[in-house]
Structures are given as structure tokens and as C-alpha cells.
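Remarks on the structure that follows.
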Amino acid sequence: MNIIEIMDLLGTIAFAVSGALAAFSKRLDAFGIVIIAFVTSAGGGTLRDILIGVKPVSWMTNMNLVYTILICVVITFIFRTWLLKLRKTLFLFDAIGIGLYTIVGVEMGIQTGLHPFICITLGCITACFGGVIRDILVNEIPVIFRKNVYATACIFGGGVYFLLLKVGMLEQFVFPISAIAVIAMRVLAVVFKWQLPSPYGKAGGAQGMQTRF
Amino acid sequence: MNIIEIMDLLGTIAFAVSGALAAFSKRLDAFGIVIIAFVTSAGGGTLRDILIGVKPVSWMTNMNLVYTILICVVITFIFRTWLLKLRKTLFLFDAIGIGLYTIVGVEMGIQTGLHPFICITLGCITACFGGVIRDILVNEIPVIFRKNVYATACIFGGGVYFLLLKVGMLEQFVFPISAIAVIAMRVLAVVFKWQLPSPYGKAGGAQGMQTRF
Amino acid sequence: MNIIEIMDLLGTIAFAVSGALAAFSKRLDAFGIVIIAFVTSAGGGTLRDILIGVKPVSWMTNMNLVYTILICVVITFIFRTWLLKLRKTLFLFDAIGIGLYTIVGVEMGIQTGLHPFICITLGCITACFGGVIRDILVNEIPVIFRKNVYATACIFGGGVYFLLLKVGMLEQFVFPISAIAVIAMRVLAVVFKWQLPSPYGKAGGAQGMQTRF
């Protein structure tokens with residue numbers, strides 16, 4: 001098991017818990033919970049694999065991943081009352097998930113021989129797309145449009161990854177540091193309510209959009 | 001023409017009729033009807049092919065399938081008043097469709113050398129995903145969240161398939177019997193209003209979710 | 001750079017501008033604008049590549065395309081007040097986009113050795129699917145259901161392509177003429193408010209559907 005696989009597994013756990021908690025708070029039935037946890041967790045990697053042409057897509061040949069998600073759903077279910085009380089848990093698991101998945105996506109892009117910009121995009125897709133499908137399925141505004149420092153944190157972390165690589169840092173350090181960069185930016189953005197500069201002046205931006213939908 | 005191809009064709013017919021009837025009841029125009037019938041019918045298989053890496057996806061090299069869907073749309077259109085009166089027709093065609101497609105998906109998973117759990121998942125995707133895209137396109141709650149003994153019937157049929165295979169039944173019997181298992185469970189679930197046990201106590205479950213969306 | 005690549009680039013520009021304008025009028029933030037422009041522009045081609053099995057999908061190995069979209073977003077942003085005043089600009093760029101993309105899709109289908117019907121379908125998908133994802137993301141009725149002479153124009157242009165090819169016209173003329181056929185039909189349809197014949201009698205059709213959604 002190399003570092004990518006370990007990070008991928010940790011990301012899977014974080015997103016499976018985050019997905020299951022989201023499904024609980026929507027009061028979906030047992031089957032709906034498993035689907036939402038699975039989609040949140042494996043959706044981004046699936047799109048990444050389809051786009052770069054890994055076949056069959058990773059989770060199909062990786063039963064550990066499938067078992068991990070199922071076990072996470074059961075554990076999350078048992079501790080749901082406790083987890084849902086700590087409202088911030090959902091958010092924190094999600095932040096850890098995007099941090100780990102971003103860098104997994106970037107590394108797979110590099111292995112496929114893609115341009116750094118495309119690698120970062122692939123990192124973003126791996127990290128954010130599971131949440132986007134989840135939101136489309138439960139009929140909410142996709143997460144990337146709601147919280148503007150979400151995908152931005154992934155792009156930032158992807159940039160940090162290539163920067164550290166360029167200054168000659170060893171790869172086993174580059175991975176965790178750039179994953180932490182994503183998580184830190186996401187957490188700081190939520191704590192301090194960071195917003196991207198609005199292109200429409202004061203009144204506009206994300207809030208304006210939310211009411212329009 | 002082997003048994004998979006025959007079953008696939010029958011499933012295509014069942015879903016094309018079911019999709020066209022759904023589009024009629026939404027009063028879509030001629031073009032919308034063809035798209036919805038096509039998506040309902042070929043959507044699940046398309047995702048299955050993309051996930052396991054069949055290229056190009058089956059319907060692109062199988063004109064019979066395309067002609068079948070178009071002919072079904074025309075025939076369904078001619079008899080629409082009669083078919084829509086029998087409200088249960090739509091449901092029955094859909095049940096037959098998921099029964100046949102589930103087992104087609106399972107068999108393709110086996111041919112790709114995947115784990116039985118993944119094969120059953122692939123059967124579910126083949127059977128349910130066409131309906132999910134149809135529902136997203138016409139802006140309804142995806143079918144797998146509305147009717148909880150829907151995907152469950154597919155999983156049950158997939159289980160029956162591997163069980164019968166394990167006890168040594170001949171493959172030409174395993175296929176129709178497990179397809180009938182899916183159809184029977186789906187029909188019985190609707191007739192007797194089966195529900196998955198709610199994880200939220202009495203008040204919750206599918207109904208609670210429907211009003212939330 | 002051959003004719004397909006040139007046409008693809010022009011289509012990319014047209015759709016990137018059209019997507020960015022749509023995002024401005026929805027008041028999305030800077031990040032949302034780039035995503036919508038990118039999805040509108042590259043979404044159709046991405047699905048086409050996935051369906052026929054090009055791997056990795058084209059835009060991943062074509063940085064020119066990525067830069068083009070980003071430059072278009074910036075230029076569109078600078079001239080947005082001026083462009084949004086001319087309401088018809090958005091529509092015209094969209095019409096040019098579907099014209100060019102339809103024929104790019106048809107040609108890629110031919111190169112993959114697919115049946116003419118499938119090639120035309122592929123042209124439609126390339127042209128329309130970017131707009132469909134855009135509409136799903138911003139929570140609108142997908143464009144192919146709203147405007148019934150939209151995909152129809154693509155099908156018409158695809159038919160013109162094969163007709164001209166059959167009568168022996170040189171390929172370098174077939175491409176632009178059939179692209180213009182799509183654009184002309186789309187523009188004429190909007191100007192003269194063409195509708196597909198409704199299968200439900202006078203009251204029905206697209207308008208009936210719009211109010212139902």
C-alpha cells in the first residue's frame with residue numbers, strides 16, 4: 001500500500017461519513033443513505049477515472065474501498081445522534097475529504113503525463129464532483145456554487161503541490177503538506193467567512209445567486 | 001443472437017415504451033419524447049459501458065437497438081390513449097425492464113471478471129440509471145429515492161443469480177429465473193406497499209423524504 | 001492545424017462567450033463563471049469523447065482549448081455591459097457554437113467508423129450536451145426541451161452533411177456549408193418562431209411543458 005492508496009482510503013472514509021451524515025439529515029431511507037455515501041465518496045474519483053481512461057474505474061476492482069464505505073455508513077449510523085449534534089463534524093470531514101482527494105487527483109494526472117493546469121483541474125474534479133452529484137441527487141444547489149472558497153481551496157492546494165515539487169521537496173512530504181494546505185484554506189475560509197471578490201460590486205456575489213435559484 | 005442479446009432487446013423495448021409513456025404524460029414535444037425514451041432505455045447500459053470501459057458504448061455499434069427504440073416510440077404513440085388509460089401498464093413495463101437489465105448488467109460484470117458485489121452493483125446501475133437520468137431531465141425526484149423497493153429488487157435478483165449459479169443450475173435457467181425474481185419482488189412491493197424499515201422510527205422514511213424535497 | 005481543429009476552436013470561442021454571458025446574467029461569482037463557461041464549451045465534446053472512447057478526453061491534452069476558454073471569459077467580462085445590452089448576442093454565439101460543434105461531432109463519428117445515424121446523434125450530443133449540463137447546474141429546464149428547434153437544427157445539419165458528401169461535394173466545402181445549415185435553421189426558427197408539430201393537438205407542445213415544470 002503506497003501513500004496515494006493510504007490517502008485515497010482516508011479520503012474515502014472522510015467523504016463516506018460526510019455523505020452518510022448529509023443523507024441522515026435529509027431523512028433518506030437505508031438504501032438512499034448507502035447510495036449518497038457511495039456517490040459522495042466515489043463519485044469524484046469515478047469521473048476522474050472516466051476522463052483519463054482508467055478502465056474499469058477504480059472502485060470496481062477495489063473491494064476494500066467498497067467495504068470501507070459500507071462500514072463507515074454503519075458506524076456513522078450508530079453514532080449519528082452524537083455526530084449530528086456536533087454540527088461542525090460534517091463540515092470537517094468534508095474538508096479533510098477534499099484535501100486528500102485533491103492531491104490524489106493531482107498525482108494521478110501527473111502519472112498520466114498531463115499538463116500541471118490539467119492535473120490541478122483533475123484534483124478539483126476528484127475532490128468536488130462527488131459533492132456535486134450528491135447535491136444534484138438531493139436537489140440542492142451544487143456545493144461548488146454555494147461556497148465560493150471550496151474549489152478555490154483545491155486549486156490553491158494543487159498550486160502548493162507543484163510549487164513544493166519545483167523547489168525540490170521530497171514527494172512524501174509534498175503530499176501531506178499540500179493536502180493540509182487545502183484543508184487549512186477551507187477551514188479558515190469558513191471560520192473567517194472568506195468570499196471571492198464579487199465581479200458585480202457590493203450587492204452581488206454568492207448570496208445574490210442563492211436567492212435567485 | 002445469444003441469450004444476453006435477446007434479454008437486452010426485450011429490456012430495451014420495455015424501457016422504451018415506459019420512457020415514451022412517461023414523456024407523453026409530461027406532454028413533451030416529439031423530440032423530447034424520443035430523447036426521454038432513448039435515455040430511459042439506453043442510459044443505464046451507457047453508464048455501465050463507460051464504467052467498465054466498453055468503447056464505443058454498445059448502442060453506438062448496435063443499430064438494431066436504435067431502430068427498436070424508434071419503432072417502440074411510434075407504436076407507443078399510436079396506442080398512447082389506450083396505454084395511458086391502463087395506468088399500471090407504465091409501471092409493469094418498467095418492472096420488466098429493470099428485471100431484464102439487472103441480469104444483463106450482472107452478466108457483463110462477470111465477463112469483465114469483477115467481484116460478485118460489483119457485478120450486482122453493475123446490474124443495479126444498468127437497471128436504475130436510465131430512470132434516474134430521465135427523472136433528473138424532467139425535474140422529478142430520482143426513482144431510486146422515491147420507491148425504496150426498486151433498486152432493492154435489483155439487488156435481490158442479483159443475489160438470486162449468484163445463489164442459483166453456486167448451487168449448479170444451468171446458465172440458461174439462471175438468467176430468466178433471476179430476472180423474474182426482480183420483476184416479482186418489484187410487483188409484490190408495489191401491490192403490498194412494502195417499505196424498507198425506516199432508520200428514523202415510525203414517522204420517517206420515504207414519505208418523510210418526499211415532502212422534504 | 002486542420003479544418004476540424006479550426007472549427008472546434010471557433011466553436012469553443014462561441015460557446016465560452018455564450019456560457020460566460022449566461023453565468024453573468026445569473027450573477028455567479030468569478031469561479032462559477034469560469035466553470036459554466038468551461039462546461040458549456042467543453043461539456044459536449046467531453047461526453048462525445050467518453051462515449052466513443054477517446055482517452056484522455058480531448059481538452060485534457062489540448063492546453064490551447066483551456067487557454068482559449070479562459071481568455072474568452074476575461075474578454076467577455078470586460079465587454080459584458082456592452083454584450084448583455086445586445087440580448088441577441090448570447091443567442092447568436094450559441095447558434096454559431098451548435099453549428100460548428102455538430103459537424104465536428106459528425107466527423108469524429110465517421111472517423112470512428114460509426115453508422116451515419118449514430119454520427120448525427122454524436123453531432124447532436126457534441127452540440128447540445130454542454131448546454132444541457134449548464135442548465136442542470138444553474139437549475140433551469142435543459143435547453144433541448146425548451147426550444148424544440150434546437151437539437152432539430154443539429155439533426156438537419158447532420159443530414160445535410162451526409163447528403164452533400166453523397167452527391168460528391170469536396171469535404172472542405174461540406175463542412176462549412178452544413179455548419180451554416182445548422183446556424184441558419186436555428187436563427188430562422190427563432191426569428192419566425194418555428195415549432196415542431198405538437199403531438200397533443202393545439203393546446204399542447206413546448207409551451208404546455210414549460211408551465212408544467
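Keeping their order, the protein sequence lines are chains F, S and P.
Taking UniProt numbering, the leading residue of the first sequence gets 1, the next gets one more, and so forth.
Taking UniProt numbering, the leading residue of the second sequence gets 1, the next gets one more, and so forth.
Taking UniProt numbering, the leading residue of the third sequence gets 1, the next gets one more, and so forth.
Note that CB positions come from ideal geometry on N, CA and C, so glycine has one too.
When DSSP labels each residue in this structure, what does P:Tyr101 get in the three-state scheme? The answer is helix: DSSP assigns P:Tyr101 an H, G or I state.
S:Ser41 and S:Asp94 - do their beta-carbons sit closer together than 7 angstroms? Their beta carbons are not under 7 angstroms apart, which means S:Asp94 does not touch S:Ser41 by this criterion.
Excluding the 5 residues flanking P:Val138 on each side, which residues of the same chain have their C-beta closer than 6 angstroms to its C-beta? Result list for P:Val138: Lys26, in chain order.
Taking just the CA atoms, how far does P:Leu28 sit from F:Arg212? Below a pLDDT of 50, predicted positions are generally treated as unreliable, and F:Arg212, at 29, falls in that range; the measurement from the model is reported next regardless. Separation of F:Arg212 and P:Leu28 (C-alpha to C-alpha, rounded to the nearest whole angstrom) is 10 angstroms.
When DSSP labels each residue in this structure, what does P:Ile141 get in the three-state scheme? Looking at P:Ile141 - three-state DSSP - the assignment turns out to be coil, as it is neither helix nor strand.
Other residues of its chain near F:Cys119: CB distance less than 6 angstroms, five sequence neighbours each side excluded: Counting only Cβ-Cβ distances below 6 angstroms, and skipping sequence neighbours, we find Val106, Gly109 and Ile110.
Just verifying my parser: in three-state terms, what is the DSSP assignment at P:Trp82? Helix at P:Trp82.
Limits of the unbroken alpha helix (DSSP H) element including P:Lys55: First-last for P:Lys55: undefined, no H or E at that position.
For P:Gly174, is the classification buried or exposed, using 16 other Cβ atoms within 10 angstroms of its Cβ as the cut-off for buried? Reading off the sequence shown, one finds Val at residue 174 of chain P, where the question assumed Gly. The residue in question, P:Val174, is buried, as its Cβ has 16 or more Cβ neighbours within 10 Å.
Which residues mark the beginning and the end of the alpha helix (DSSP H) in which P:Gly19 is found? Bounds of the alpha helix (DSSP H) holding P:Gly19 are Ile3 to Ser25.
Where S:Ile125 and P:Thr61 are concerned, what is the direct C-alpha to C-alpha distance, given to the nearest angstrom? Between S:Ile125 and P:Thr61, the alpha-carbon positions lie close to 30 angstroms from each other.
Keeping to the same chain, check which residues put their C-beta closer than 8 angstroms to that of F:Val104; ignore five residues upstream and five downstream. Cβ neighbours of F:Val104 beyond the five flanking positions: Ile4, Met7, Asp8, Gly11, Gly45, Gly123 and Thr126.
Report the neighbours of F:Met60 on chain S: residues whose CB is nearer than 9 angstroms to its CB, in chain order. Within chain S, the residues near F:Met60 are Leu51, Ile52, Gly109, Thr112, Leu114, His115, Ile118, Thr121 and Leu122.
I'd like the list of long-range same chain contacts for F:Asn2, defined as Cβ closer than 7 angstroms, with 5 residues on each side in sequence excluded. Closer than 7 angstroms at Cβ, skipping near neighbours: no residue.
In chain order, what residues of the UniProt domain "Glycine transporter" (6-80) of chain F put their CB closer than 9 angstroms to some CB of chain P? Residues passing the 9 angstroms Cβ filter: Ile50, Leu51, Ile52, Gly53, Val54 and Lys55.
Taking only the alpha-carbon atoms, compute the straight-line gap between F:Ile78 and F:Lys85 and give it to the nearest angstrom. The straight-line gap separating the alpha-carbon atoms of F:Ile78 and F:Lys85 is approximately 13 angstroms.
Run down chain F in chain order and give the residues with a C-beta less than 9 angstroms from the C-beta of P:Ile144. Within 9 angstroms Cβ-Cβ: nothing; P:Ile144 doesn't reach chain F, min ~18 angstroms.
Same chain only: Cβ atoms within 8 angstroms of S:Leu21, ignoring 5 sequence neighbours per side: Excluding residues up to 5 positions away in sequence, Thr76, Arg80, Leu83, Leu84, Thr89, Leu90 and Phe93 lie with their Cβ nearer than 8 angstroms to the Cβ of S:Leu21 in the same chain.
Between which two residues does the alpha helix (DSSP H) harbouring residue 257 of chain P extend? This structure does not reach residue 257 of chain P, given that chain P is present from 1 up to 213, and the question cannot be answered.
Could you give the distance in angstroms between the alpha-carbon of P:Val167 and the alpha-carbon of S:Val66? In a straight line, the C-alpha of P:Val167 is about 26 angstroms away from that of S:Val66.
So P:Leu163 is in the alpha helix (DSSP H); what residue range does that whole segment cover? Secondary structure note for P:Leu163: its alpha helix (DSSP H) is the uninterrupted segment Ala151 to Lys166.
Compare the C-beta of S:Gln196 with all C-beta atoms of chain F and state if any pair is closer than 7 angstroms. It should be noted that the sequence gives Leu, not Gln, for residue 196 of chain S. Answer yes: the Cβ-Cβ gap between S:Leu196 and chain F drops below 7 angstroms somewhere.
Among P:Gly97, P:Leu47 and P:Leu70, which one has its Cα closest to the Cα of P:Ile183? Closest by C-alpha distance to P:Ile183, out of P:Gly97, P:Leu47 and P:Leu70, is P:Gly97.
Could you check the C-alpha separation between S:Lys193 and S:Met185 for me, to the nearest Å? Cα to Cα, S:Lys193 sits roughly 11 angstroms from S:Met185.
Quick one: what does DSSP say S:Gly130 is sitting in, helix, strand or coil? DSSP, read as helix, strand or coil, puts S:Gly130 in helix.
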